[in-house]
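For the sequence shown, our numbering begins at 1012 and goes up steadily by one.
Worksheet for the structure shown next.
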Amino acid sequence: MRRFTMPSNWTNAESVPLCGQEVGAIGLFGVLLSAWLAAALFPFPVERERPILLPYAEWRAGAKVVELSGQREKDGIYHVPASATIGDILGIAGIDQGRSPVENADRQPPNGTRLHVSGAGGSFLGVQIGDMAAGAKLLFDVPLDINRARADELMLLEGIGPKTAEAITAYRSAHGAFRSVDDLTAIRGFKDRKLEKIRKSITVGGR
């Protein structure tokens, strides 16, 4: 077996002191290594994000679309039975109605209604009844009432530009409310083909 002999100049070499930067670098490396080992062996518990609860949005035949606002996490678009009252809708949304009577609780809001609910925690609930925005209605297949829609709202319909929208509102002002969506063809330049493009997106009411 060959024996290894340490060179004589190794034993006589003077030790070289480390500079401050080298000592600091070694210390920092040790701290980082210890932290990495601790995280690997003893991981910290991570709080999982709470699932986002979506509004009641299951579409069914005979359902209507209602928008709720004023209740933060309960706000949103809801598909509810066509016969649902305001009280029913608040219950579906999980809004605590408390012991006080809810204003207009027995009223059945029509399709495309916006309900702004004030009050919480069992206190008296006030409900303001209005219309959903025209864009939201069309997004959820709620027809626009051509007897109430403004010109800028009518322009959201396919193929309806500024001139046609103004012509619709002008005709309505001059002749009164439309009795049928087919009355639109009485407007100059409004052809049957244009009507068929928007027939499912419009309705008449408020006469």
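Positions of the beta carbon are idealized from the N, C-alpha and C atoms, including for glycine.
Here the structure is a predicted model, which means the values were calculated and not measured.
Quiz prompt | Between the CA atoms of Thr1124 and Lys1085 - distance to the nearest angstrom | solution = Position 74 of the sequence shown, counted from the first residue, corresponds to residue 1085. Position 113 of the sequence shown, counted from the first residue, corresponds to residue 1124. Using only the alpha carbons, I get a separation of about 16 Å.
Quiz item: Unbroken alpha helix (DSSP H) runs of length 4 or more, entirely within the stretch 1179-1210: which are they?
Solution: The stretch 1179-1210 contains these whole alpha helix (DSSP H) runs: 1203-1209.
Practice problem: Would you list the one or two residues that DSSP bridges to Asp1142? | Solution: Position 131 of the sequence shown, counted from the first residue, corresponds to residue 1142. Beta-bridge partners assigned by DSSP to Asp1142: Thr1124.
Practice problem: May I have the straight-line CA-CA distance separating Lys1148 from Gly1200, to the nearest angstrom? | Solution: Reading the sequence shown from its first residue, position 137 is the one you call residue 1148. Reading the sequence shown from its first residue, position 189 is the one you call residue 1200. In a straight line, the C-alpha of Lys1148 is about 26 Å away from that of Gly1200.
Quiz item: Are the CB atoms of Thr1096 and Gln1119 nearer to each other than 8 Å?
Solution: Position 85 of the sequence shown, counted from the start, is the residue given in the question as residue 1096. Position 108 of the sequence shown, counted from the start, is the residue given in the question as residue 1119. Inclusion of Thr1096 and Gln1119 in the CB contact set at 8 Å is warranted, their separation being smaller than that value.
Quiz prompt | Buried versus exposed call for Asp1156 [16 or more other C-beta atoms within 10 Å across all chains shown] | solution = Sequence index remark: in the sequence shown, residue 1156 carries index 145 (1-based). The residue is buried, with at least 16 neighbouring Cβ atoms inside 10 Å.
Quiz item: Do Asn1122 and Val1076 have their C-beta atoms closer together than 8 Å?
Solution: Here residue 1122 refers to the residue found at position 111 when the sequence shown is read from its first residue. Here residue 1076 refers to the residue found at position 65 when the sequence shown is read from its first residue. Yes. Within cutoff.
Quiz prompt | Range covered by the alpha helix (DSSP H) that runs through Leu1167 | solution = Taking the sequence shown and counting its residues from 1, one reaches residue 1167 at position 156. Leu1167 -> no alpha helix (DSSP H), and no H or E assigned at all.
Quiz item: Short check: CB of Val1192 to CB of Arg1210, under 8 Å?
Solution: As a first step, residue 1192 must be located in the sequence shown, where it is residue number 181. As a first step, residue 1210 must be located in the sequence shown, where it is residue number 199. Contact annotation: Val1192 and Arg1210 have beta-carbon atoms nearer than 8 Å.
Quiz item: Nearest to Ala1104 by alpha carbon, out of Leu1165, His1186, Val1113, Tyr1089?
Solution: Residue numbering aside, residue 1104 sits at position 93 when the sequence shown is read from its first letter. Minimum Cα distance to Ala1104 is reached at Tyr1089.
Quiz prompt | Closest by C-alpha distance to Ser1212, when choosing among Phe1151, Tyr1182, Thr1196, Arg1190 | solution = By one-based count along the sequence shown, residue 1212 stands at place 201. Distances from the CA of Ser1212 to each of Phe1151, Tyr1182, Thr1196, Arg1190 were compared; the closest alpha carbon is that of Phe1151.
Practice problem: Would you mind reading off the limits of the alpha helix (DSSP H) that contains Ile1097? | Solution: Indexing the sequence shown from 1 puts residue 1097 at position 86. For Ile1097, the enclosing alpha helix (DSSP H) stretches over residues 1097-1103.
Quiz item: Is it the case that the Cβ atoms of Asn1158 and Gly1216 are separated by a distance below 8 Å?
Solution: Along the sequence shown, one-based indexing puts residue 1158 at 147. Along the sequence shown, one-based indexing puts residue 1216 at 205. Taking 8 Å as the Cβ cut-off, Asn1158 and Gly1216 qualify as a contacting pair.
Quiz prompt | Which of helix, strand or coil DSSP assigns to Ser1080 | solution = Reading the sequence shown from its first residue, position 69 is the one you call residue 1080. Correct three-state label for Ser1080: strand.
Exercise. Note the first and the last residue of the continuous beta strand (DSSP E) segment covering Val1091.
Key: Your numbering for residue 1091 matches position 80 in the sequence shown. For Val1091, the enclosing beta strand (DSSP E) stretches over residues 1087-1092.
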